[in-house]
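Below: the structure, in C-alpha coordinates.
In the UniProt record's numbering, the protein residues as written are 1 to 109.
Spelled out as C-alpha coordinates, the structure:
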(Lines of atoms letter the chains of each structure in order from A and count residues from 1; the text may use other names and numbers.)
(Lines give C-alpha, C1' and ligand atoms only; values in the text may rest on other atoms or scores of the structure.)
Protein backbone atom coordinates (compact mmCIF):
# COMPACT_ATOMS: atom_id res chain seq x y z
CA UNK A 1 0.00 0.00 0.00
CA UNK A 2 1.30 3.45 -0.86
CA UNK A 3 2.32 5.66 2.04
CA UNK A 4 -0.19 8.41 1.15
CA UNK A 5 -3.09 5.91 1.09
CA UNK A 6 -1.99 4.38 4.38
CA UNK A 7 -1.60 7.81 5.96
CA UNK A 8 -5.03 8.86 4.71
CA UNK A 9 -6.61 5.85 6.45
CA UNK A 10 -4.84 6.44 9.74
CA UNK A 11 -4.88 10.21 9.73
CA UNK A 12 -2.29 12.66 10.94
CA UNK A 13 -1.75 15.39 13.48
CA UNK A 14 -4.34 18.11 12.96
CA UNK A 15 -3.29 21.71 12.53
CA UNK A 16 -4.25 23.28 15.89
CA UNK A 17 -5.23 26.67 14.43
CA UNK A 18 -7.52 25.18 11.77
CA UNK A 19 -9.08 22.73 14.24
CA UNK A 20 -9.72 25.51 16.75
CA UNK A 21 -11.44 27.48 13.98
CA UNK A 22 -13.84 24.55 13.43
CA UNK A 23 -14.38 24.11 17.18
CA UNK A 24 -15.23 27.81 17.53
CA UNK A 25 -17.57 27.61 14.53
CA UNK A 26 -19.68 24.96 16.29
CA UNK A 27 -19.36 26.40 19.79
CA UNK A 28 -17.03 23.95 21.51
CA UNK A 29 -15.58 20.43 21.64
CA UNK A 30 -18.89 18.87 22.68
CA UNK A 31 -20.91 20.49 19.88
CA UNK A 32 -18.34 19.51 17.25
CA UNK A 33 -18.22 15.96 18.60
CA UNK A 34 -22.00 15.66 18.31
CA UNK A 35 -21.94 16.94 14.72
CA UNK A 36 -19.21 14.44 13.81
CA UNK A 37 -20.67 11.53 15.77
CA UNK A 38 -17.64 11.22 18.06
CA UNK A 39 -17.04 11.96 21.72
CA UNK A 40 -15.94 15.29 23.14
CA UNK A 41 -12.81 13.51 24.33
CA UNK A 42 -11.94 12.45 20.76
CA UNK A 43 -12.09 16.09 19.64
CA UNK A 44 -9.98 17.07 22.65
CA UNK A 45 -7.31 14.45 21.83
CA UNK A 46 -7.00 15.81 18.28
CA UNK A 47 -6.82 19.36 19.59
CA UNK A 48 -4.01 18.73 22.08
CA UNK A 49 -2.18 16.26 19.82
CA UNK A 50 -2.66 13.06 21.82
CA UNK A 51 -4.09 11.25 18.80
CA UNK A 52 -4.04 11.67 15.05
CA UNK A 53 -7.22 12.93 13.43
CA UNK A 54 -8.63 10.53 10.80
CA UNK A 55 -8.79 11.92 7.28
CA UNK A 56 -12.51 11.10 7.19
CA UNK A 57 -13.08 13.69 9.92
CA UNK A 58 -11.32 16.36 7.86
CA UNK A 59 -13.73 15.59 4.99
CA UNK A 60 -16.69 15.88 7.34
CA UNK A 61 -15.49 19.12 8.91
CA UNK A 62 -14.96 20.70 5.51
CA UNK A 63 -18.47 19.72 4.45
CA UNK A 64 -20.12 20.74 7.75
CA UNK A 65 -18.49 24.18 7.65
CA UNK A 66 -19.39 24.65 3.96
CA UNK A 67 -15.72 25.10 3.10
CA UNK A 68 -14.91 27.59 5.86
CA UNK A 69 -12.04 25.30 6.86
CA UNK A 70 -10.61 23.08 4.13
CA UNK A 71 -9.29 19.55 4.65
CA UNK A 72 -5.79 20.60 3.58
CA UNK A 73 -5.78 23.21 6.34
CA UNK A 74 -6.75 20.58 8.91
CA UNK A 75 -4.38 17.85 7.68
CA UNK A 76 -1.66 19.48 5.56
CA UNK A 77 0.54 16.35 5.82
CA UNK A 78 -2.04 14.34 3.88
CA UNK A 79 -3.92 16.70 1.58
CA UNK A 80 -2.52 18.86 -1.19
CA UNK A 81 -3.71 22.45 -1.75
CA UNK A 82 -3.63 22.02 -5.53
CA UNK A 83 -7.05 20.30 -5.68
CA UNK A 84 -8.92 23.28 -4.22
CA UNK A 85 -7.28 25.71 -6.64
CA UNK A 86 -8.13 23.45 -9.55
CA UNK A 87 -11.69 22.93 -8.30
CA UNK A 88 -12.26 26.68 -8.08
CA UNK A 89 -10.90 27.19 -11.58
CA UNK A 90 -12.71 24.29 -13.24
CA UNK A 91 -15.74 24.06 -10.92
CA UNK A 92 -15.51 20.27 -11.09
CA UNK A 93 -16.13 17.67 -8.39
CA UNK A 94 -13.25 16.79 -6.12
CA UNK A 95 -11.64 13.43 -6.91
CA UNK A 96 -10.18 13.07 -3.39
CA UNK A 97 -13.61 12.62 -1.77
CA UNK A 98 -14.86 9.89 -4.08
CA UNK A 99 -15.51 6.73 -2.13
CA UNK A 100 -15.57 8.44 1.28
CA UNK A 101 -18.73 8.83 3.34
CA UNK A 102 -18.68 12.41 4.59
CA UNK A 103 -22.07 12.38 6.28
CA UNK A 104 -22.14 12.79 10.06
CA UNK A 105 -22.57 9.68 12.18
CA UNK A 106 -25.54 9.24 14.49
CA UNK A 107 -24.65 9.50 18.15
CA UNK A 108 -25.93 7.01 20.70
CA UNK A 109 -26.65 9.44 23.52
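Here a beta-carbon is modelled for each residue, glycine too, at the ideal position from N, C-alpha and C.
- Taking the Cα positions, residue 36 is about 10 Å away from residue 58.
- Taking C-beta atoms under 8 Å as the contact rule, residue 73 and residue 18 qualify, at a distance of about 4 Å.
- Out of 77, 56 and 61, the CA that lies nearest to the CA of residue 29 is found in 61.
- Excluding its 5 nearest sequence neighbours in each direction, residue 43 has C-beta neighbours in its own chain below 6 Å: 29, 32 and 33, listed in chain order.
- DSSP, reduced to helix, strand and coil, places residue 55 within a helical segment of the structure shown.
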